[in-house]
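Notes follow once the structure below has been shown.
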Amino acid sequence: MKDKSYLLATDLDHTLVGDPSSLSNLFTHYQKQQFDVALVYVTGRHLDSALNLIEKENLPIPNILITDVGAAVYLAPDWKEDEVWSAWINETWTPDEILRLSQNFPSLIKQDLPHQRRISFTLDPDQAELVQAVKQNLKQHEILHHIVFSSGRDLDILPERSGKGKAVDYVLRKYAKPEVHVLLAGDSGNDAEMLSLDYPAVIVGNAQIELDELPFHPLLYRATEHYAAGIQEAWDYYYPKTQ
Ligand code: GLC
Ligand code: MG
11 MKDKSYLLAT DLDHTLVGDP SSLSNLFTHY QKQQFDVALV YVTGRHLDSA
61 LNLIEKENLP IPNILITDVG AAVYLAPDWK EDEVWSAWIN ETWTPDEILR
111 LSQNFPSLIK QDLPHQRRIS FTLDPDQAEL VQAVKQNLKQ HEILHHIVFS
161 SGRDLDILPE RSGKGKAVDY VLRKYAKPEV HVLLAGDSGN DAEMLSLDYP
211 AVIVGNAQIE LDELPFHPLL YRATEHYAAG IQEAWDYYYP KTQ
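What follows is the structure, given as structure tokens:
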């Protein structure tokens, strides 16, 4: 990946994936270029779920797969985990304490995940006010964590040192060419942290309203087009010479 001058790091659901014809246009566009684009997928899904989606949607295999909202980093082609990252983030991670505390909120529906790299819940639309209460409770008990609410529905409690932004920053510094031209793309709350990094980024046109809260910034492009067409719109905006 260090030899590639351009890099796309994108969320999957409702960003890269959502409209098959824009998706195929985006990759046809990349294939026509003189340069190769390194690819990093940054998803809230766990590894098997992300790999299933990649297969089902026939997505190009990325160089790196960041899963679980930044709580795990896997390298192609055999999806070996970056153990340095997991050791670092798990140093201050106490899932059992979080599970114990979540019992104070019986209406939270725990997501069924194959591991405890993160603890996630699904909320009903009328339960959004619970998020504040959970945040307060975690703070009160001084439990180190990073909490992310997305799509008015998904509540992820992550290791304090993780999150899509911190994981992308780590991956770019460790695996990418230092002067690489980057584009980061997302559509919902769990993308906010990475879209706020100091790299060119795009909010696709179909994004959740929660991203309206992100401040205007020259490195944060708000696309009109939806899904992969929004990524392509931003690519042409930042890197017009590669059109
Ligand atoms: C994806 C994951 C889910 C997570 C959500 C928000 O939908 O499957 O577990 O809570 O993203 O990050
Ligand atoms: Mg998404």
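Using our numbering, the first residue of the sequence shown is number 11, and each one after it goes up by one.
The beta-carbon is built from N, C-alpha and C at its ideal position, and this holds for glycine as well.
| Query | Result |
| --- | --- |
| Which residues bound the alpha helix (DSSP H) around serine 130? | No alpha helix (DSSP H) contains serine 130, which is instead part of the beta strand (DSSP E) from 129-132. |
| Contact defined as beta carbons within less than 8 angstroms: I believe glutamate 203 pairs with glycine 173. What is the distance between those atoms, to the nearest angstrom? | 5 angstroms |
| Note down, in chain order, each residue of its chain lying with its Cβ closer than 6 angstroms to the Cβ of leucine 154, except the 5 sequence neighbours on either side. | Thr102 and Glu170 |
| One question on the structure: do leucine 18 and alanine 186 come within less than 8 angstroms of each other, judged by their Cβ atoms? | no |
| Closer than 6 angstroms is what we want: which residues have a beta carbon that near any heavy atom of the ligand MG? List them in chain order. | Asp21, Asp23, His24, Thr25, Asp197 and Ser198 |
| From what residue to what residue does the alpha helix (DSSP H) around arginine 183 run? | 174-185 |
| In or out: threonine 234 buried (at least 16 other Cβ within 10 Å) or exposed? | exposed |
| Taking 8 angstroms as the threshold, find out whether the segment 84-97 comes into contact with the segment 130-137 through three or more Cβ pairs. | no |
| State whether the segment 28-40 contacts the segment 50-57, with contact taken as three or more CB pairs (one from each stretch) at a distance under 8 angstroms. | no |
| Which ranges would you report for the beta strand (DSSP E) in the segment 67-136 if only whole runs of at least 3 residues count? | 74-77, 82-85 and 129-132 |
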